[in-house]
Every structure is written in C-alpha cells, then in structure tokens.
C-alpha cells in the first residue's frame with residue numbers, strides 16, 4: 014500500500030493501478046500458460062519514471078515484469094511472483110527516422126505495424142515480422158524473428174542501441190549508432206533476448222532497410238511436407254537469396270482458408286518471396302522454379318501484384334490466430350525448435366509422427382529457411398490428460414532438436430515454458446548466465462523465475 | 014619456476030618455454046604499442062590442456078593472455094602484466110565442414126587464408142577479411158571485420174558457437190548450430206570481442222557462404238576524397254547491395270603502387286565489388302555507374318577477370334604493409350573510428366585536417382560502406398614529440414566520432430590503445446561490463462588491464 018502511494022508520487026495517480034480488470038489484463042499472454050496477476054500495474058512515460066519505479070521496487074523488494082502487448086507465447090511477461098507489471102503502452106512514439114543512416118529510434122511500446130506505417134513514408138521498412146503485431150520492446154526482449162530472418166536476420170541483428178533501465182535504476186545505453194563496433198563488451202546482444210531479467214528497455218535504435226525495388230511472392234504446392242522441406246533445402250543450397258520461405262502444411266492451409274477468406278489448395282505449400290532489382294529477381298525466380306520442379310513441386314503461382322501479395326502474407330501471419338479462431342475455448346501450445354538445416358527434414362518428420370501418436374490435432378508452419386518450425390497444438394487447458402499429451406509432444410520435439418545441435422526456442426524465448434530445457438541445452442553455460450544475472454540484478458527483482 | 018614445472022606436466026616439456034626469443038616473439042603486435050614480455054609461453058593442443066593451464070594460472074595467480082599471430086593493432090595480445098602467453102598456433106585444424114548447413118568448425122589457430130583454401134573445395138567462402146592473415150580465434154577475440162562487412166556482416170555475425178575455457182578452467186559452449194536461437198543469454202555475442210578477458214576460445218563454429226555465381230570488381234576514381242565519400246553514400250542510399258566498397262586516398266594508392274606492383278592512377282579511389290546472379294549484377298553495376306558519374310567520378314574500370322580482381326584486393330589488403338614497407342624503422346598508428354554514415358563525409362574531412370595540422374604524413378583507407386575508416390600514421394616510436402602529435406590526431410578523430418554517435422574502434426578492438434576512451438564512450442555501461450568481468454573472472458587472471 015505504501016509502495017502504491019509512492020509509485021503514484023513518482024508517476025501520476027492515474028498511471029498506477031490495482032484495478033482488477035487491468036490486473037487481469039496483465040496476468041496472461043497468448044499461450045496456454047497459467048495466468049498469474051501482478052499486484053500493481055504501472056504505465057511509465059519516460060526512462061526517468063522507469064528508473065524511479067526500479068528504485069521503489071528495490072526498496073520494497075517487489076518483482077518487476079515488463080509488459081508490451083501480451084502477445085508472448087511462453088509466459089514471458091506473466092508475473093508469476095506478482096509485484097509490478099510495467100505496461101509500456103504509453104511509451105509508443107517513433108522518436109526519429111534517420112533516413113540517411115537507415116536507423117530509427119523508437120519507444121518500446123511502438124508496435125511493428127505502427128513502425129512500418131511510419132517508415133513507408135521514407136521508402137523504408139523494418140524487417141522483423143512475428144505473427145503478432147507485437148511491440149518493438151517485446152520483440153527485443155524475446156529476440157523475436159519471423160518470415161524474413163532468412164534474408165535480413167533476427168531482432169538481435171537489428172538493434173544498434175538501447176536505453177535500458179537496470180535493476181538499481183541506473184539508465185545505460187547498450188550501443189551506439191555506428192554500423193559496427195569493437196569497443197567494450199557487446200551489451201546490445203546480451204540485453205536483446207533477456208526477457209526483462211536484466212533490465213527494462215525504454216528506447217531502441219533499430220536498423221531499417223530500403224523497400225526493395227522489386228518484390229515477387231510465390232506459392233509452391235507439394236505432394237508432401239517432406240518434398241516441401243527438400244524444396245527449401247535445395248533453394249538454399251543453390252544460393253538463391255530468398256527473402257522469405259515459409260512452410261504451411263495441409264491442415265494449416267485449411268485453417269487459413271477459413272479464417273482469411275483465401276482459397277488456396279489444401280496441400281503442403283511453401284510461401285516464398287524474392288527481393289531485388291528487376292533483372293536479378295527474374296533470374297532468381299526462374300532458377301527457383303527449375304529447382305522446385307525437380308523436387309516434385311506440383312504447382313507454382315506467382316503474386317507480383319501488391320494486394321495479392323499482402324493477402325498472402327497476412328494469411329500467413331494470421332495462421333496462429335486462424336487456429337485459435339477455429340478451436341473456440343481451447344488454448345494454443347506452439348513448439349518452437351530450430352535445427353541445423355541438414356536436420357530439418359528429419360525433425361519435421363519426427364514431429365509429425367509425435368503429433369500423430371499423441372492423438373492430438375496439430376498443424377505445422379515454419380520459417381523453414383532458418384530450420385525453425387512450429388507445431389500448433391490447440392489444447393483444452395482444463396483437461397490435464399490433454400496438457401500431458403501436448404507436453405510429451407513438445408518434449409520429444411525438443412529432445413530431437415537438442416540431440417542434433419539445435420535449440421529449444423528459435424524465436425519465442427524461454428519464458429516459463431522452455432525453462433526446464435535450459436540446463437540441458439546450455440550445460441555449464443547456464444552457470445555463466447546465472448552469474449551475469451546475479452551480477453546485474455543481485456536482488457532478483459527483474460522478472461524473477463525466468464530464463465536463469 | 015614451480016608453475017613452469019607444473020605446466021610442463023600438464024602439457025609437454027617442449028610446449029612450455031621461457032626461451033628468450035620466443036618470449037620476445039610474444040611481447041608485441043603489429044602496432045606502435047610498447048612491447049612487454051610474458052614470463053612463459055605455452056602451446057596447448059586441446060581444450061583440456063587449456064583448462065589445465067587456467068587452473069594452474071589460478072593457483073599461482075598468474076595472468077593469462079591468449080595469442081594468435083600477433084597481428085593485432087591495439088596491443089590486444091601484449092601481456093602487460095607478464096604471466097603466461099597462450100600461443101594457439103598448434104591448434105590449427107579445420108575440424109569439420111558442414112556443407113549443407115553452411116557451417117565450419119575450426120580450431121582458433123586456423124588463419125583466414127588457410128580456411129579459405131579449405132572452403133574453396135566446397136564452393137564456399139568465409140566472408141570476414143581483415144588486412145592481416147589473422148587467426149580465426151584472434152578475429153573473434155577482437156570482433157574483426159574487413160572489406161565485406163557492408164554486405165555479409167562482422168565477425169560476431171558469423172559465430173554460431175564457441176568452445177570457451179573460462180577463468181576457472183570450466184569448458185563451455187556459447188551457442189549451437191541452429192541459424193537462430195532465443196534460448197538463454199547471448200553468450201556468443203558477449204565472448205566475441207572480449208579480447209581474452211572473459212575466456213580463451215578453443216573451437217569456433219562459423220557461418221560460411223556459397224561463392225557467388227558472379228563477381229565484378231571496379232575501381233572508381235574521383236577528384237577528391239569528399240567526392241569519393243559522397244559516391245559511397247549515394248550508392249548505399251540507392252539500395253545497391255554492394256559487397257565491398259573501400260576508400261583509398263591518393264597517398265595510399267601511391268604506397269600500394271610501390272609495394273604491390275600496381276599502376277593505378279594516384280587519385281582518391283573507391284574499390285568496389287558486386288556479387289549476384291549474372292542479370293542482377295549487370296543491373297547493379299549499370300546503376301552504380303550512373304550514380305557515381307553524377308558525383309563527379311572521373312573514371313571507372315571494371316575487373317571481372319579473377320586474376321585482376323585478386324590483384325586489386327591483395328593490393329588493398331596489403332595497404333597497411335605497404336606503408337610499413339615504405340617507412341623503414343617506423344611503426345604504425347592506425348585510427349579506427351566508425352561513425353553513422355551521415356557523419357562520414359564530415360568525419361573524413363576533419364580527420365584530413367587533423368593530420369595536415371599535425372605535420373605528420375598519413376593516408377586514409379577505409380571500409381566506408383560501414384562508416385569505418387583508418388588514418389595510417391607512420392611514426393618514430395623513439396621520438397616522444399612525434400608520438401604526442403599522433404596521439405593528438407587520434408584523440409581529435411575519436412572525439413569527433415563519439416560526439417556524433419560513433420565508436421572509438423570499428424574493428425581493431427580496445428586493447429591498450431582505446432582503453433582511455435572506454436569510460437567516455439560507454440558511460441554507465443562500462444560499470445555493467447566491469448560487473449560481468451568481475452563475475453566471470455573474479456581473480457582477474459584473464460588478459461588483465463584490457464577493455465574494462
């Protein structure tokens with residue numbers, strides 16, 4: 014109660030709340046993970062305010078968990094030990110577009126669609142595109158990626174600098190605006206993906222890219238998921254600089270067609286995109302056609318028209334929501350392993366078998382150019398047997414990936430769902446991570462119980 | 014003496030030495046920084062041996078400084094507090110080429126030219142190419158880059174996993190073989206660029222790339238350095254995916270012609286390279302020609318022939334050696350700032366003025382597509398007045414960069430030369446770095462006195 018009052022003094026009375034509805038809104042994310050309410054929700058408007066929040070949290074030994082839009086998939090933003098949930102929705106300004114430097118400065122609450130709308134005015138775009146219209150702060154916290162990572166990299170690759178409020182309230186900058194640096198330890202990389210366990214982000218300087226001169230999208234249909242995966246591998250081996258290459262299986266196409274009003278053939282399909290100058294793109298596309306036809310591609314359709322292309326990618330981005338919509342009352346469990354590309358065909362095959370053996374229904378979508386794929390399972394969270402079955406599937410998929418040099422999470426982060434695999438995946442490295450956490454947050458106030 | 018004997022027991026008698034010549038070889042690098050001898054040099058052959066070295070170093074509180082080939086430029090590998098210099102030249106094997114995964118596993122003593130020779134058999138190449146034929150371990154330690162970073166990224170971007178021996182002798186892996194991961198803290202990024210202050214690398218898993226289908230190099234001659242810099246900016250703004258774009262000023266071309274038997278016109282020149290498919294490359298090149306002709310490019314020559322292209326890049330890589338060769342008895346001081354690209358023209362102009370005012374002679378070369386440029390000053394290290402003049406130039410250049418969101422070192426690392434700028438560049442972040450160092454090397458045995 015004392016904390017509540019002091020928070021109201023350092024922020025403003027209407028930006029500190031214990032209202033039940035608002036607490037409830039900050040108790041869950043888009044996943045199957047159990048909700049847990051914070052005790053207080055705050056809405057800071059600046060790094061200074063965030064710094065004061067941290068100082069009070071320390072004084073009262075209250076946990077602090079940052080919250081973007083709640084679109085995380087592993088319980089990353091759920092405050093399992095209660096305390097303060099910091100909602101960044103009021104810090105939602107695009108602060109500066111440095112067109113000549115291909116940089117943009119944003120507050121953490123800016124969403125990816127909001128940023129893209131702003132950048133379009135300058136002929137620029139931001140490449141990272143998770144399915145959800147997540148906040149940039151949240152995307153940095155989980156090291157998100159999406160469909161374009163195969164060409165332009167993941168969230169960590171885009172971050173040049175962040176303003177971060179540390180556990181003790183100190184405000185630091187993790188980088189600078191230069192394209193590269195060998196000065197000091199790489200704090201950008203350390204804080205990106207730290208899921209609020211090392212600090213709260215209050216400003217991000219991100220790399221942006223010129224909108225490509227020419228863009229061509231394509232859908233390539235295959236007789237089996239195996240053939241589709243082999244198609245991807247062949248395209249990568251050929252060195253074609255594909256900008257996007259997504260696998261969508263039969264079941265997922267079916268959900269998409271229902272939800273997004275498309276009428277794609279319900280067969281395993283690769284959604285592709287190519288970026289480049291006109292002549293180069295044409296040559297890439299011709300080469301790609303030859304390659305996939307050799308791997309039993311049954312049909313290939315191109316979309317150079319902007320509207321049709323947008324429809325295709327919107328349908329793909331909404332795949333997870335299509336499943337949710339198609340399974341009212343159920344919650345989503347999404348696997349997220351990433352494997353070396355040579356292991357992808359085997360991994361997807363084994364995953365398919367695991368799902369079939371479980372008796373659950375689950376589709377496959379994935380950023381297969383990175384070796385990252387998702388099994389979308391829709392489960393009844395009130396049925397312990399069903400949760401157990403889904404866990405068995407998830408475990409087997411993670412086992413397969415870890416045994417082959419992969420990782421338990423390609424882009425969703427650790428949160429609470431992937432915690433149990435951390436020791437197995439990282440071995441003695443986990444001790445190093447724990448030492449870093451201990452050094453930077455000795456009181457354990459920042460998103461306690463996550464990652465380490 | 015006791016340490017010496019124990020080291021001989023854990024390694025082999027002939028791989029632990031206090032021979033004066035060998036100590037001397039490990040006392041300096043290629044820069045102007047003062048030499049300092051280690052007390053002992055060891056030549057490990059495995060991570061196990063490295064682990065035992067660390068345990069003994071801890072027991073006797075002796076500093077440990079890793080040593081690749083001594084090609085560093087900021088005293089990074091000079092053991093200023095004596096102790097053990099760990100020479101990795103016997104750990105020089107390419108362990109595995111995973112062609113389908115575009116990955117290679119190497120020991121830290123493998124040099125970049127050795128790796129490229131091996132990769133060529135598979136139609137692959139490793140993109141990072143500093144001027145020196147450095148070791149991969151050394152390149153990872155300083156987060157090196159080179160001419161191709163503008164297209165393919167820096168050393169940190171290529172590292173998927175490292176085997177690292179920590180201060181206490183624990184052996185960890187910092188990553189995995191998947192193309193991306195959101196699991197745990199990003200230790201790859203933290204250890205790359207840590208210059209031996211957090212651990213010693215005993216194995217690296219690196220990303221490699223298919224050799225491009227078509228390659229075209231070009232030399233574009235300009236009437237002034239300003240015009241050349243503006244040419245680079247215009248090319249980047251146009252979104253041409255240039256693979257290399259290097260500035261070489263008049264003086265540097267002169268040194269090159271002497272050293273490398275070329276007869277390029279002695280005017281400010283951009284060395285460029287384009288990679289792609291045939292049609293796309295042709296279109297990129299045509300577009301680039303139009304752009305630079307608008308910026309007063311006086312002459313442009315293309316080299317599609319492999320031999321001529323190799324000669325061009327060999328001359329560029331040897332630029333620093335050309336200066337050394339042209340100034341017998343003198344040592345090299347190389348500035349290394351990196352600025353946001355919008356600040357590049359001003360930075361280079363100010364740097365040129367700084368050199369002129371100093372009365373020293375110094376040329377400019379640089380990876381200008383990244384905003385990274387070097388002033389090469391050849392100084393008489395026995396003349397304190399000359400060292401002082403060079404320091405004034407270096408300081409002014411660093412000041413200019415830091416005031417504009419840049420960094421004091423783009424690719425050479427901190428070592429001893431850039432230490433004095435760390436507090437100014439990183440502010441409170443330096444405290445975070447110090448806490449990490451303290452957490453991972455509480456005894457301060459690893460390359461003491463460097464970075465933090």
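Protein chains in written order, with the numbering used here: chain A, 14 to 465; chain B, 14 to 465. Cβ atoms here follow ideal geometry from the backbone N, Cα and C, with glycine treated the same way.
Please compile the residues from chain B whose C-beta is within a distance smaller than 8 Å of the C-beta of residue i.
| i | result |
| --- | --- |
| residue 442(A) | 185, 186, 187, 197 and 200 |
| residue 111(A) | 353 and 355 |
| residue 207(A) | 198 |
Please say whether residue j and residue i have beta carbons closer to each other than 8 Å?
| i | j | result |
| --- | --- | --- |
| residue 410(B) | residue 346(B) | no |
| residue 419(A) | residue 353(A) | yes |
| residue 376(B) | residue 386(B) | no |
| residue 291(A) | residue 228(A) | no |
| residue 243(B) | residue 308(B) | yes |
| residue 156(A) | residue 119(A) | no |
| residue 87(B) | residue 462(B) | no |
| residue 257(A) | residue 161(A) | yes |
| residue 151(A) | residue 102(A) | no |
| residue 425(B) | residue 335(B) | no |
| residue 62(B) | residue 23(B) | yes |
| residue 414(A) | residue 360(A) | yes |
Terminal residues of the continuous beta strand (DSSP E) containing residue i?
| i | result |
| --- | --- |
| residue 233(A) | 227-235 |
| residue 311(B) | 310-316 |
| residue 397(A) | Here residue 397(A) belongs to no beta strand (DSSP E); instead the alpha helix (DSSP H) covers 397-415. |
| residue 98(A) | 97-100 |
| residue 78(B) | 77-80 |
| residue 28(A) | Per DSSP, residue 28(A) belongs to no beta strand (DSSP E) and is neither H nor E. |
| residue 53(A) | 53-55 |
What does residue i reach in chain B if we use C-beta pairs closer than 9 Å?
| i | result |
| --- | --- |
| residue 84(A) | Those within 9 Å of residue 84(A) in chain B number zero; the least Cβ separation is about 14 Å. |
| residue 435(A) | 196 and 197 |
| residue 446(A) | 197, 198 and 200 |
| residue 158(A) | 193 and 195 |
| residue 453(A) | 445, 448, 449 and 452 |
Taking C-beta pairs closer than 7 Å, name the residues in chain A that residue i reaches, listed in chain order.
| i | result |
| --- | --- |
| residue 203(B) | 198, 199, 202 and 203 |
| residue 460(B) | Those do not exist, as residue 460(B) stays about 13 Å from chain A at its closest Cβ, beyond 7 Å. |
| residue 114(B) | 353, 354 and 355 |
Hey, would you say the C-beta of residue i is under 7 Å away from at least one heavy atom of the ligand ATP?
| i | result |
| --- | --- |
| residue 417(A) | Because no ligand of any kind appears in the structure shown, any question about the ligand ATP cannot be addressed here. |
So residue i is in the alpha helix (DSSP H); what residue range does that whole segment cover?
| i | result |
| --- | --- |
| residue 306(B) | 291-307 |
| residue 41(A) | Looking at the DSSP string, residue 41(A) is not in any alpha helix (DSSP H), and its letter there is neither H nor E. |
| residue 204(B) | 200-204 |
| residue 334(B) | 332-339 |
| residue 271(A) | 263-273 |
| residue 365(B) | 357-371 |
| residue 345(A) | Where residue 345(A) is concerned, there is no enclosing alpha helix (DSSP H), although the beta strand (DSSP E) it sits in stretches over 344-347. |
| residue 243(A) | 238-250 |
Using a C-beta to C-beta distance shorter than 8 Å, which residues of chain A count as neighbours of residue i?
| i | result |
| --- | --- |
| residue 316(B) | Simply none; closest approach about 20 Å. |
| residue 438(B) | 189, 196 and 197 |
| residue 296(B) | 290, 291, 292 and 293 |
Taking C-beta pairs closer than 7 Å, name the residues in chain B that residue i reaches, listed in chain order.
| i | result |
| --- | --- |
| residue 420(A) | 189, 191, 194 and 196 |
| residue 155(A) | 195 |
Alpha carbon to alpha carbon, what distance is there between residue j and residue i?
| i | j | result |
| --- | --- | --- |
| residue 396(B) | residue 358(B) | 32 Å |
| residue 404(B) | residue 253(A) | 47 Å |
| residue 46(A) | residue 93(B) | 53 Å |
| residue 111(A) | residue 139(A) | 13 Å |
| residue 68(B) | residue 82(B) | 24 Å |
| residue 266(B) | residue 144(B) | 15 Å |
| residue 178(A) | residue 211(A) | 9 Å |
| residue 331(B) | residue 269(B) | 8 Å |
| residue 238(A) | residue 323(A) | 24 Å |
| residue 363(B) | residue 416(B) | 13 Å |
| residue 153(B) | residue 105(B) | 15 Å |
Just checking: is the beta-carbon of residue i within a distance shorter than 8 Å of some beta-carbon in chain E?
| i | result |
| --- | --- |
| residue 169(A) | You won't find chain E in this structure, because its protein chains are A and B. |
Quiz item: Okay, do the region 204-224 of chain B and the region 110-122 of chain B touch, 3+ Cβ pairs below 8 Å being the bar?
Solution: yes
Quiz item: Taking one C-beta from the region 96-106 of chain A and one from the region 71-79 of chain A each time, how about it: are there three or more such pairs within less than 8 Å?
Solution: yes
Practice problem: Assess, as a yes-or-no matter, whether the region 197-211 of chain B is touched by the region 52-67 of chain B under the definition of 3 or more beta carbon pairs within less than 8 Å. | Solution: no
Quiz item: Counting pairs of Cβ atoms below 8 Å between the region 291-307 of chain A and the region 231-250 of chain A, do you hit three or more?
Solution: yes
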